[in-house]
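Residue numbers (the UniProt record's numbering), protein chains in the order written: chain W, 1 to 744; chain A, 1 to 360; chain H, 1 to 341.
Put into structure tokens, the structure is as follows:
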């Protein structure tokens, strides 16, 4: 650093202009200037000189005096100079950094975050466009009440201009952009987002006391709903509550309960408002929902077996509108009827965009394979690309470590240059010593190799000679492999590769044919069937739990899905000639009565559900065993579509009849009850609840809701009632409190 | 109690309609006040459970019907929580060991110890002191691990003063000899078509089911045979028939209720016979996946398929022999291995070859 | 109290009730018994390994021996009995057995010394030792050696091959052979006389043949059948049918019918017949055993043929042990046999 007496304001201009951006620099200048009497000229490391204007002597005179008194080396001054120097250096760095921040920040960020879509246009459709549209439609319907827009009376909204279902339940497999989509759409429509998820606030609530937990939770949710965000950014934007991962929250039961409470109180408030009652106190109690709630879940049917009690999602489903996201798969049905190649293409496009941004130089085909590996999970795809991008740059996917699918490829390939024995030895060497060892030594990844080969061998045989000899031989070797892998002992794992070598010797060919597979969708078959199996098992378990105990006793484990449910489901398709009860003959009436009894005994509820793709309303039984009983196969006696049509048609006739019958039984019971002289208070209460539940719904005049609510609600109440009847009412003539019943 | 199966299930020994000698023995057991540990075995739907509950009813009275289901949790040594259902009345409890997986030994020992150590207090006010014991019913006893069975034999002796075990299983081949020698074996055969017919006839009258004119007995017999002499299945399918049509057409060309999965397997057998090539295998693979995902166990698929094949080719003895032997091999593979799809497909390929050999 | 005792006695299984009280009561194991008696006289005992088929009196022998050695008073402190159902993992070997083994022996009272030999060691009986894990067995090796001055081990097992060699070599082995029918018959007759059973000689013979030399099984059958007959007042006679039903044995007629079909090679009839058998709920394992007896013990059948049948039976048994489906396996077996006839 050099100091000169000369002042040069002009030359400093350049420096200043660039420095002024940072506050630190100006601060440094200010703090320095008072202490140095002579004007300063600072030479920057880049060769420019910096002159600092002399300022009037400031108030800290003592300090400066001291400096001047010191004729020897002024340490303090030197220190200051040094400090200044450092600061300038730092500044320099920062300026440089500013120029390249973009790049550096970018490379340290996880790509899934970096390429998280920022607006609707960036959103990767992945075959879920319809779903996106439904979300935005649903949110739009809130506009009248949220933004005060003029609302048009229509069937889709209630009289206050809100959608009928106040909660939107978005569900679908992981990593296909549910959260992103919801966030973006809500933002786009002008909401500020209040998010609750497993990570934030919910778990921090007091856990020890149940009542306080749920009340605290309620407060939290209500707060989130009522408060308009007061952030600097989102001034006065209305909030939209998003509850992420609602199915895997630690306290999802309570969350759902709070939500149902909210809906209930909203219903009350709503009906009050409609009747124009102006009861101040009550309307305060019953909060009118005027902000949208969106719940996001992965799976709304299964529930974790580790958790006790009924699936909270069961309660959430009826009160919410559901939107299902789907995986971008090459085909959605096993038979391969519905091809949704567009979905995959859009994912690939999205990946291609990233690919171009990052200059990875992947081909479309490579991306296709990545999508396949990751099972259509977009997040996984992006992670995959980022993680392996180095190896990708070397122009082959993951060559560093032999991946299982390249290994499968090798198994079906034969090098024409070499003799069969040489070829074999080379492969053997690879498995025993070379790259393949890491794969073949690991039972998990080797399993994938075998499965991959299993998925492919039929095609090869088909094009080779179409004989059955090789498949037979393979089945023996697969048995061998299956047994070995079952032992789970380390010293046996070295024998795994033998199976794969056998596969090579059986099926390898010089030009492996990569064309159309004999089995559509072969790679996902196993996964899909396993998933379905899991779902079906839970459904079956659920169905059994609802059965009366005496029926449960007689059923073995396998009887349920193989015998019991198929028959019961057929029973629910009786031959009934008319929708109107009075038109039925005696036998048919009897059938309906019988079915009604079944519905009650088995604790079944009859539900409506709307399919998003087709927009059709279908009638369902909950627990929904259709997926266990009905087959979608070319060998099935009736094709799936006509079967489901038939079932729906039948249900449209039968369900209203059953519901009517349920109503009738309820009425009989009530009237029988009213005649009874001895009535307990508790009983009356129960009835009140029932009446409330029913009559309000009844007069709404909306057929669909009436049916939904009455069936579910009557089922619940009816069940309590049956027990009560059996145990006490007829047998003992005395006053019975509600508590007695519970204690019994 | 609305299903016919439940509605017409006998509640007492006197209501039982077939296997009179067994009923008599059971009555004798319940009268004597004490009985040894029992091992009931027989095909499914033959009425094992019904007979047990009738006997219990005879001993303890109708309070045996006050059933409730509890979910018990058990913490294994590896600190994993295990949940299983226990069905109980004041006098008995019922467990299904397959709920417990590999820990069945520990769980059963624990549970029995628990039951044995809690004396039945409320028995004191009863006139007779003879039922000092509690009944423990173990379902699917043949799925108990060897370990658990070995543990049971000691437990049976140790707590014999206040516990009586009733083991229920389909076959006693998997039950170890010491247990067999410590229990009274009671075999419950499937009811004969005739016996099933009587029961169906009774229901027809009570429920006023409309049947078209014709040979009623033959119809009943057909129904019984179609459900493989499984009474529960016969009743379910009869009720379904009644539900689906106003008057049941009982003429012999009228289709009975076929379960979809059975129909599918039947057509699989036909496909295997008619088009023996790789593309059929490929097609059938999707079918197998479909069946598996609909909770049809792999071994049932194999068995049904095998017997359908035997049925199709019953006039070709050599073929039947070889198909059955193929089936027995792949059945073993299925029970040893874990990847059922490999073996089912293998069976299909193999049986195609076999059929190829004998049909030209 | 008395009635309670009576009732308890009534409930005790006959195998316990009629368990031999002393060594001389043990039937038809003369050789082993003679050696054992010798050792009692000498007052010393080696480590022992008893092996042989079930129900031949292994456990009875060692219990009787221990009683004779120590008498009822000392018995509790000197004898530890463990069997398979007690937890017998390696940890138990390490703790429970070791603790008992290293325990100093208690001094016998004067009266005991007068009437019993009371040798200065303890006895640890490991019943069903073949179901111990290999780890547990090897852990036992050291313990046996270390405490041999004050403890004797008696291992009891059915299959000596399942005892690891080092352990077997430390013990003197006693093989218990199958009871001969005469002795067993005597025992059965004795019991039925004491219990006042109405039973014919040929029924007793049938019991013996069903139980195949396993006296415990025979006694259990006897007890269950008497129980069943007592309950039905009308006829308290024990018949062959009842025994067969209790033992889960198929009537000879059925087996003969099946063999007949096999010989005639009528495949369709066989399929139907097997189907009926399965629906009747018969135990397939039992059926195979009986089929084995019927075919292999038949002198008229050719030896070569017997050889092949044995192989088939072996294969079928193996498959059944792997938990396969009985129906398929039985059908396969029968069809295969009929093929080679």
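Ideal Cβ positions, reconstructed from N, Cα and C, are used throughout, including at glycine.
Assigned exposure category for residue i - 16 Cβ within 10 Å defines buried
i, result
"residue 242 of chain H", "buried"
"residue 311 of chain H", "exposed"
"residue 431 of chain W", "buried"
"residue 119 of chain H", "buried"
"residue 646 of chain W", "exposed"
"residue 35 of chain H", "exposed"
"residue 419 of chain W", "exposed"
"residue 313 of chain W", "buried"
"residue 180 of chain H", "exposed"
"residue 71 of chain H", "buried"
"residue 211 of chain H", "buried"
Nonlocal neighbours in the same chain, by C-beta distance under 8 Å from residue i, ignoring five residues either side
i, result
"residue 22 of chain H", "64, 67, 68"
"residue 159 of chain H", "51, 130"
Chain W contact residues for residue i, given Cβ-Cβ distances below 9 Å
i, result
"residue 244 of chain A", "570, 571, 573, 574, 575"
"residue 16 of chain A", "Residues of chain W passing the Cβ test: none, with the nearest at roughly 15 Å."
Alpha-carbon spacing of residue i relative to residue j, whole angstroms
i, j, result
"residue 317 of chain A", "residue 69 of chain A", "51 Å"
"residue 227 of chain A", "residue 198 of chain H", "43 Å"
"residue 324 of chain A", "residue 293 of chain H", "24 Å"
"residue 745 of chain W", "residue 185 of chain W", "Residue 745 of chain W cannot be examined here, being either before or after the span of chain W that is shown, 1 to 744."
"residue 73 of chain H", "residue 114 of chain H", "13 Å"
"residue 17 of chain A", "residue 194 of chain A", "12 Å"
"residue 318 of chain H", "residue 41 of chain A", "22 Å"
"residue 657 of chain W", "residue 636 of chain W", "30 Å"
"residue 114 of chain W", "residue 555 of chain W", "54 Å"
"residue 213 of chain A", "residue 260 of chain A", "28 Å"
"residue 19 of chain H", "residue 57 of chain H", "9 Å"
"residue 659 of chain W", "residue 202 of chain A", "31 Å"
"residue 249 of chain H", "residue 13 of chain H", "22 Å"
"residue 298 of chain A", "residue 327 of chain H", "16 Å"
Contacts around residue i, its chain only, beta-carbon distance under 6 Å, and the 5 residues preceding and following it disregarded
i, result
"residue 294 of chain W", "168, 182, 242"
"residue 306 of chain H", "296"
"residue 333 of chain W", "Interpretation of residue 333 of chain W is limited by its pLDDT of 40, a score under 50 that renders its predicted location unreliable; the figure taken from the coordinates is listed afterwards. So no residue of the chain qualifies."
7 Å CB neighbourhood of residue i in its chain, flanking five on each side removed
i, result
"residue 5 of chain A", "232, 235, 236"
"residue 480 of chain W", "499"
"residue 793 of chain W", "Residue 793 of chain W lies beyond the residue range present for chain W, which begins at 1 and ends at 744; the question has no answer from this structure."
"residue 353 of chain A", "none"
"residue 339 of chain H", "none"
Partner residues on chain H for residue i, Cβ-Cβ distance less than 9 Å
i, result
"residue 321 of chain A", "267, 332, 335, 336, 338, 339"
Neighbour list for residue i in chain H, Cβ cutoff strictly below 7 Å
i, result
"residue 64 of chain A", "The contacting residues do not exist; residue 64 of chain A stays about 20 Å from chain H at best."
"residue 189 of chain A", "279, 280, 281"
"residue 369 of chain A", "For residue 369 of chain A there is no data in the structure shown, the boundaries of chain A being 1 and 360."
Proximal residues of chain A, C-beta to C-beta of residue i below 9 Å
i, result
"residue 601 of chain W", "1, 2, 3, 6"
Under 9 Å from the C-beta of residue i: neighbouring residues of chain B
i, result
"residue 249 of chain A", "In the structure shown, chain B cannot be found, because the protein chains are W, A and H."
Interface residues of chain A facing residue i [CB-CB closer than 7 Å]
i, result
"residue 137 of chain H", "Chain A residues near residue 137 of chain H: none, gap ~16 Å exceeds 7 Å."
Within chain W, partners of residue i - CB distance below 8 Å
i, result
"residue 353 of chain A", "468, 469, 472"
Check: Residues in the region 627-658 of chain W with C-beta within 9 Å of chain A's C-beta atoms, listed in sequence order?
Finding: Result list: 627, 628, 629, 630, 631, 632, 633, 634, 635, 636, 637, 638, 643.
Check: Taking Cβ-Cβ distances below 7 Å as the criterion, which residues of the region 191-206 of chain A are in contact with chain W?
Finding: none
Next item on the list: Give, in chain order, every residue of the region 292-315 of chain H whose Cβ lies closer than 8 Å to some Cβ of chain A.
Entry: none
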